[in-house]
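Before any comments, here is the structure.
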Amino acid sequence: MEHCPYNFYSLRMDSTPKKSPLQPRSTIFSMFTRTKCCSIAGMMKPSMAEANSGLSYKKFVHFALEETKKHTQLIPSSLQENFNCLKAIDGKTELEMHSFGSSNIRLLRSLSVEGSDGMQVLDFAIFPRPEFDLPIFCANFFTTAVMNIIVLDLNPLHDVISRQDYKEKYYKHLIPLGLKYAELLPWGGRITTESMKFFSPIIIWTKFPPSEQKHHVLYSAFEDYLKSWLELMDQASMETDVSQIMLNLESQHRYLTWRAEKDPGHQVLRRLVGETHAKEIIRSFLFNGVDDLGSKTFVDYFPEYKSEDGTINQKRSMIGKSFESRPWDATGEFIGNSIT
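Numbering (the working numbering), first residue to last: 35 to 374.
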């Protein structure tokens, strides 16, 4: 979830930046936008962490932006004015944020971190405009000197467990890709039932100790999954039915509401920049739209988490069931209901 310096304006297409219809509110982060940062074009200078691990998530961000530019005209988001570069409380760890939009992308954003202790984090996502029912591209990577924790997926906008039509539309032809990387990057262990609502049959959820070979596989998976998402975007038709657009909007808001409340990576962010700054990044940048795209609250969407006093129960899972092994079979059918 963080990173620093890159000249994101060098990635701008030949167009005058447009204001996003969702304007970021004035925040305490305006004071950080003048922080001197490195540029994507200048990422040749490796840090100590890069030298030790042979991995830098700057490479992933650079690829994603360059590849996406081949498919759509990226315009820097107005969020970039307040969320750009920031140093953590330790004065050494750098957080870097980028954000863009386009005619079919509501928000492409990345938050990356490089710590002096070798810690690296990438939180990269692409949210489609509500006129499209595209999945949400999601990459959440957490790396330390001893472990990599990885989630990579095309998160379904609509439930693929109950909606066969949506699964057929977007995932049927991608099942071989998912099986390929499920073999190379095995299931990472227990995951809660509630989280599965937001995952697809091709999700990569894995853990592995530092390994140059595994890092190469991860980069290859990131490339393939992003290219697959961009192909889906190229083929997608803009919805004109207002009721369907509103349904897409609510589904995206539900996703954002869940992530803003339950994403486990937030603990790292709070440790790095403090509670106030972390909350601002989470709600206004990482999950931008949670306060604007809809009026429903977390307990409106997930009433099982409502405590007697009306607050949100902080338990990780209210269902109590979790999956130690992959709950999708080789054809992409959900078999989690038969897993005990």
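Here a beta-carbon is modelled for each residue, glycine too, at the ideal position from N, C-alpha and C.
Are the CB atoms of residue j and residue i within a distance shorter than 8 Å?
i    : j    : result
I238 : Y215 : yes
L168 : L266 : yes
F332 : E295 : yes
L264 : H105 : yes
T287 : L327 : Sequence check: residue 287 is His here, not Thr. Cβ distance < 8 Å, so H287 and L327 count as in contact.
S137 : V95  : no
I279 : P164 : yes
V307 : I195 : no
Going by beta carbon distance, what residues of the same chain come within less than 6 Å of residue i, once the five residues before and after it are set aside?
i    : result
F161 : R140, L141, I170
I183 : F176, K241
S144 : V95, H132, F158
Residue i: which of the options sits nearest, CA to CA?
i    : options                : result
A179 : E246, L281, D325, R304 : E246
F97  : A255, N138, N182, N189 : A255
F176 : K241, T106, T226       : K241
D325 : D363, E284, F357       : E284
G149 : L191, L120, G328       : L120
Q269 : P110, F166, A122       : F166
K103 : R304, G135, L89        : G135
L219 : E202, N371, V251, S111 : V251
P293 : D151, K231, D199       : For clarity, residue 293 is Arg in the given sequence; the question names Pro instead. Minimum Cα distance to R293 is reached at K231.
D334 : F357, V307, S229, Y289 : Y289
Got a sec? Which residues, its chain only, sit under 7 Å from residue i by beta carbon, not counting five neighbours each side?
i    : result
S341 : N347
T61  : Low confidence applies here, because T61 scores a pLDDT of 38, under 50, leaving its location unreliable; read the following figure in that light. The answer, listed in chain order, is N116, E314, S318.
R360 : A216, W221
A173 : L156, F158, L186, F256
D258 : L211
Count the other C-beta atoms from every protein chain shown that fall within 10 angstroms of the C-beta of residue i, then say buried if there are 16 or more, exposed otherwise.
i    : result
N282 : buried
V276 : exposed
I225 : buried
K330 : exposed
R197 : exposed
T127 : buried
M181 : exposed
K201 : buried
G125 : exposed
P235 : buried
Within the same chain, show all residues whose beta-carbon is closer than 8 Å to that of residue i, passing over the 5 residues directly before and after it, in chain order.
i    : result
K261 : E101
- Inside the region 95-157 only - beta strand (DSSP E) runs reaching at least 3 residues: 119-121, 128-135, 139-148
- Message: My parser needs the alpha helix (DSSP H) runs of 4 or more residues fully inside the region 145-230; what are they?
- Response: 198-204, 209-218, 227-230
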